[in-house]
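Protein chains in written order, with the UniProt record's numbering: chain P, 1 to 248; chain U, 1 to 248.
Just so you know, even glycine gets a beta-carbon here, dropped at the ideal spot from N, CA and C.
These notes are about the structure you will find just below.
2 protein chains.
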Amino acid sequence: MSPARRRVIPEATIARLPVYHRCLLQMQAEERSKASSEQLAEMAGVNAAKVRKDLSYFGSYGTRGVGYGVDHLLVEIRRELGLTHDWPCVIVGAGNLGSALAKFAGFSDRGFSVVAVVDIDPARVGEQVGELVIQHEERLAELVLEHAVVIGIITTPPAAAQEAADTLTQAGVRSILNFAPTVLDLPADVLVRDVDVAVELQILAFHEERRAAAKASATAAAKPATAKPAATKPATGKQVTAKRATAS
Amino acid sequence: MSPARRRVIPEATIARLPVYHRCLLQMQAEERSKASSEQLAEMAGVNAAKVRKDLSYFGSYGTRGVGYGVDHLLVEIRRELGLTHDWPCVIVGAGNLGSALAKFAGFSDRGFSVVAVVDIDPARVGEQVGELVIQHEERLAELVLEHAVVIGIITTPPAAAQEAADTLTQAGVRSILNFAPTVLDLPADVLVRDVDVAVELQILAFHEERRAAAKASATAAAKPATAKPAATKPATGKQVTAKRATAS
DNA sequence: CAGCGCTCGTTCACATGTTCACAAAGTCGC
DNA sequence: GCGACTTTGTGAACATGTGAACGAGCGCTG
Ligand SMILES: NC(=O)c1ccc[n+]([C@@H]2O[C@H](COP(=O)([O-])OP(=O)(O)OC[C@H]3O[C@@H](n4cnc5c(N)ncnc54)[C@H](O)[C@@H]3O)[C@@H](O)[C@H]2O)c1
Ligand SMILES: NC(=O)c1ccc[n+]([C@@H]2O[C@H](COP(=O)([O-])OP(=O)(O)OC[C@H]3O[C@@H](n4cnc5c(N)ncnc54)[C@H](O)[C@@H]3O)[C@@H](O)[C@H]2O)c1
Numbered sequence: 001m002s003p004a005r006r007r008v009i010p011e012a013t014i015a016r017l018p019v020y021h022r023c024l025l026q027m028q029a030e031e032r033s034k035a036s037s038e039q040l041a042e043m044a045g046v047n048a049a050k051v052r053k054d055l056s057y058f059g060s061y062g063t064r065g066v067g068y069g070v071d072h073l074l075v076e077i078r079r080e081l082g083l084t085h086d087w088p089c090v091i092v093g094a095g096n097l098g099s100a101l102a103k104f105a106g107f108s109d110r111g112f113s114v115v116a117v118v119d120i121d122p123a124r125v126g127e128q129v130g131e132l133v134i135q136h137e138e139r140l141a142e143l144v145l146e147h148a149v150v151i152g153i154i155t156t157p158p159a160a161a162q163e164a165a166d167t168l169t170q171a172g173v174r175s176i177l178n179f180a181p182t183v184l185d186l187p188a189d190v191l192v193r194d195v196d197v198a199v200e201l202q203i204l205a206f207h208e209e210r211r212a213a214a215k216a217s218a219t220a221a222a223k224p225a226t227a228k229p230a231a232t233k234p235a236t237g238k239q240v241t242a243k244r245a246t247a248s
Numbered sequence: 001m002s003p004a005r006r007r008v009i010p011e012a013t014i015a016r017l018p019v020y021h022r023c024l025l026q027m028q029a030e031e032r033s034k035a036s037s038e039q040l041a042e043m044a045g046v047n048a049a050k051v052r053k054d055l056s057y058f059g060s061y062g063t064r065g066v067g068y069g070v071d072h073l074l075v076e077i078r079r080e081l082g083l084t085h086d087w088p089c090v091i092v093g094a095g096n097l098g099s100a101l102a103k104f105a106g107f108s109d110r111g112f113s114v115v116a117v118v119d120i121d122p123a124r125v126g127e128q129v130g131e132l133v134i135q136h137e138e139r140l141a142e143l144v145l146e147h148a149v150v151i152g153i154i155t156t157p158p159a160a161a162q163e164a165a166d167t168l169t170q171a172g173v174r175s176i177l178n179f180a181p182t183v184l185d186l187p188a189d190v191l192v193r194d195v196d197v198a199v200e201l202q203i204l205a206f207h208e209e210r211r212a213a214a215k216a217s218a219t220a221a222a223k224p225a226t227a228k229p230a231a232t233k234p235a236t237g238k239q240v241t242a243k244r245a246t247a248s
């Protein structure tokens with residue numbers, strides 16, 4: 001085999017692969033067999049050159065003059081993302097958010113199966129959530145080993161997040177998706193991705209605040225000097241479509 | 001007043017402000033009155049120089065030889081993020097995720113209040129979720145105007161997301177937090193932030209896949225050439241602590 | 001089978017973000 | 001008040017990511 005062919009794929013590219021994957025799935029559903037970088041870019045909301053560069057990293061051929069084969073590209077991306085096999089996940093903390101995630105069906109499609117949900121609250125243990133029964137948090141390490149869990153999802157209150165992460169790590173989990181607004185301190189070989197809804201809202205608020213400030217000063221400054229206010233300000237958006245931002 | 005003093009604050013900095021804010025709150029709770037960039041950096045899981053540069057963008061003084069005044073810095077950041085006033089939000093789609101968000105109490109602390117929740121399913125309309133009653137999606141535009149909603153949160157199925165976004169936009173909402181795995185097509189002045197849990201999982205999976213591949217080829221290659229496998233591979237993590245990644 | 005048009009893959013210049021390193025500016029002890 | 005020590009604020013080097021431009025390769029057509 002020729003396994004280690006490409007190397008050092010940029011993080012930014014990796015973050016876009018799932019989006020391409022999703023677009024390609026949609027194209028497949030629409031029976032399209034070929035896709036040009038232009039079309040993919042349009043659908044994914046990015047630049048066409050970026051698409052080509054991203055795809056070229058893992059040597060996937062498109063065909064010049066034609067485009068990329070949808071099916072072929074899907075296979076490539078799926079292999080690259082490791083979506084060919086199943087990733088057993090565990091959810092720690094069966095509260096509002098943990099339960100919502102546990103009930104959500106959309107992950108299994110992509111090869112992520114939630115194999116266990118734990119909580120520390122005895123009142124919740126035994127409760128059914130989706131297809132699973134909530135287990136006690138004491139059994140977390142045990143469950144990780146039993147199901148060969150690879151990804152841990154933390155949805156505990158912030159104060160309990162570090163402890164949950166430690167337990168997961170000690171049980172061998174190297175990949176953690178953390179929803180708690182807590183900076184986790186873990187060994188360097190553990191990969192943590194934080195999803196913090198409050199942070200997202202605050203970023204939106206920042207820009208709203210700026211918008212308001214810009215408008216206020218434009219109004220206040222009225223006409224002085226140049227005609228900048230109206231002419232220069234809408235530069236906030238350069239693209240034709242909305243500004244977009246996803247997890248890094 | 002001296003409002004428009006600093007300009008062009010980098011996106012990356014903005015994304016870190018909420019984290020600093022959280023750390024400072026914690027310090028305040030611990031009655032610490034001063035914080036050095038070093039301490040803040042440690043707590044926020046970033047580099048100290050980055051902290052200083054970030055803070056310097058909006059001209060906040062620390063005191064050389066001493067550090068930053070926790071209270072003062074909190075006020076500055078809060079002002080910068082617009083956390084001094086309330087941001088009315090609306091949730092579109094009262095399913096698993098929408099309900100979890102609506103019930104969540106942690107947002108109001110930061111000035112984000114969910115003023116309405118809508119759903120298209122007649123069976124759900126009228127249902128109580130947290131402190132609110134689910135309204136019909138038809139009333140969305142009306143509710144936006146009535147409550148002067150500034151931020152829209154989309155938690156509908158992917159197929160309904162574009163429509164929800166259009167309605168929000170037409171009603172004047174300029175900031176959208178989108179949980180649906182859909183690329184929204186909106187006017188350039190609308191700021192969209194996507195939160196896609198599936199994408200996060202896929203990114204984790206990618207790195208797990210790479211880890212596995214690296215280990216496999218290290219094992220396969222056994223000893224040939226240099227003693228690299230063990231020595232070079234753990235270079236995955238350069239920092240002392242876990243790799244971290246948040247929304248861009 | 002040669003010419004033509006299309007689209008990839010790559011290169012290059014630029015923009016954004018990170019880290020280092022150090023002078024300037026303050027505090028604190030004496 | 002002065003000198004030693006600490007920590008900020010920032011300039012400059014480096015790293016990463018983006019977007020435009022363009023040559024090279026492929027399929028189609030006549
Ligand atoms: N919409 C949301 O729910 C939302 C939004 C943004 C952020 N968050 C964050 O996500 C996390 C969970 O939020 P939530 O609303 O689901 O909270 P929640 O209080 O509803 O649920 C937390 C659950 O974790 C359990 N728990 C506590 N300590 C535990 C431990 N050591 N091990 C296992 N389980 C433990 C609790 O018993 C509880 O059931 C919080 O950190 C919150 O800040 C939630
Ligand atoms: N854990 C999760 O729940 C989770 C995780 C990742 C992604 N997501 C995404 O978040 C979104 C919501 O997920 P969910 O699990 O809450 O789904 P859900 O099916 O439980 O909820 C969706 C709700 O939206 C309502 N709806 C449909 N069309 C609407 C419209 N036009 N206007 C208003 N409401 C409408 C439906 O009636 C339903 O109540 C989905 O796009 C999903 O892919 C959810």
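(request) State the DSSP-derived secondary structure class of L55 (chain U), mapped to helix, strand or coil. (result) Helix.
(request) Taking only the alpha-carbon atoms, compute the straight-line gap between Y68 (chain U) and G130 (chain P) and give it to the nearest angstrom. (result) In this structure, the alpha-carbon of Y68 (chain U) lies about 48 angstroms from that of G130 (chain P).
(request) Consult DSSP for D196 (chain P) and reduce its assignment to one of helix, strand or coil. (result) Here D196 (chain P) sits in coil by DSSP.
(request) Examine ligand 1 and report whether any of its heavy atoms sits within less than 7 angstroms of the Cβ of G98 (chain P). (result) Because some heavy atom of ligand 1 lies under 7 angstroms away, the Cβ of G98 (chain P) counts as near it: yes.
(request) Taking only beta carbons into account, state which residues of the stretch 198 to 210 of chain U come closer than 7 angstroms to chain P, listed in chain order. (result) For the stretch 198 to 210 of chain U, the beta-carbon criterion of a distance under 7 angstroms to any beta-carbon of chain P is satisfied by A198, V199, E200, L201, Q202, I203, L204, A205, F206, H207, E208, E209.
(message) Within 8 angstroms of any Cβ in chain P, is that where the Cβ of P88 (chain U) sits?
(response) False, the Cβ-Cβ gap to chain P never drops below 8 angstroms.
(message) Please give me, in chain order, every unbroken run of the alpha helix (DSSP H) with length at least 4 that falls completely inside the stretch 128 to 194 of chain P.
(response) List check, alpha helix (DSSP H) in window: 140 to 147, 158 to 170.
(request) To the nearest angstrom, report how far apart G106 (chain U) and T156 (chain P) are at their CA atoms. (result) If you draw a straight line from the Cα of G106 (chain U) to the Cα of T156 (chain P), it is about 13 angstroms long.
(request) Spatial neighbours of T13 (chain P) within its chain, please: CB distance less than 7 angstroms, with the 5 preceding and 5 following residues excluded, ordered by chain position. (result) If we look at T13 (chain P) and ignore the five residues flanking it on each side, its Cβ neighbours are D54, Y57.
(request) Identify whether A105 (chain U) lies in helix, strand or coil by the three-state DSSP scheme. (result) In the three-state reduction of the DSSP assignment, A105 (chain U) falls in the coil class, being assigned neither a helical nor a strand state.
(message) For a quick check, are the C-beta atoms of V195 (chain P) and V173 (chain P) less than 8 angstroms apart?
(response) The Cβ-Cβ distance between V195 (chain P) and V173 (chain P) does not fall below 8 angstroms.
(request) Find the nearest neighbour of V181 (chain U) within the set P:G152, P:L25, P:D86, judged by alpha-carbon distance. (result) A small correction: the amino acid at residue 181 (chain U) is Pro; Val does not occupy that position in the sequence shown. Among P:G152, P:L25, P:D86, the Cα nearest to that of P181 (chain U) belongs to P:L25.
(message) So P18 (chain P) contacts chain U; which residues on that side make the cut at Cβ distance below 8 angstroms?
(response) Listed along chain U, the residues sitting closer than 8 angstroms to P18 (chain P) by beta-carbon distance are D196, A198, V199, Q202, I203.
(request) Using 7 angstroms as the cut-off, classify the Cβ of T156 (chain P) as near or not near the heavy atoms of ligand 2, replying yes or no. (result) The answer is no for T156 (chain P).
(message) Spatial neighbours of K103 (chain P) within its chain, please: C-beta separation below 6 angstroms, excluding the five flanking residues on both sides.
(response) If you ignore the 5 residues before and after K103 (chain P), its C-beta comes within less than 6 angstroms of the C-beta of G130, all in its own chain and listed in chain order.
(request) Quick one: which residues of the stretch 97 to 117 of chain P get their C-beta closer than 8 angstroms to a C-beta of chain U? List them in chain order. (result) Listed by position, the residues of the stretch 97 to 117 of chain P near chain U (Cβ gap below 8 angstroms) are L97, S99, A100, L101, K103, F104, G106, F107, R110, G111, F112.
(request) Quick one: measure Cβ to Cβ for S60 (chain U) and L74 (chain U), integer angstroms, because I've assumed they're closer than 8 angstroms. (result) Their Cβ separation, rounded to whole angstroms, is 10 angstroms, which puts S60 (chain U) and L74 (chain U) out of contact at 8 angstroms.
(request) Return the residue from the list P:E142, P:S175, P:H147 that minimises the CA-CA distance to I153 (chain P). (result) Its Cα nearest to that of I153 (chain P), the residue P:S175 stands out among P:E142, P:S175, P:H147.
(request) Under 8 angstroms by Cβ, that's how I've got L186 (chain U) and E200 (chain P) pegged, so tell me the actual separation to the nearest angstrom. (result) About 17 angstroms; that fails the 8 angstroms criterion.
(request) For T246 (chain P), decide whether its Cβ has a neighbour in chain U, counting only Cβ atoms nearer than 8 angstroms. (result) At least one chain U Cβ lies under 8 angstroms of T246 (chain P).
(request) Report all residues from its chain with a CB closer than 7 angstroms to the CB of F179 (chain U); omit the five preceding and five following residues, and keep chain order. (result) Correct list, in chain order: L97, I154, T155, V195.
(request) Please state if the CB of R110 (chain U) and the CB of A198 (chain P) are separated by a distance shorter than 8 angstroms. (result) Taking a C-beta distance under 8 angstroms as the contact criterion, A198 (chain P) and R110 (chain U) qualify as a contact pair.
(message) With a threshold of 7 angstroms on Cβ separation, who are the neighbours of A48 (chain U) within its own chain once the five nearest residues in sequence on each side are excluded?
(response) The answer, listed in chain order, is S37, E38, A41.
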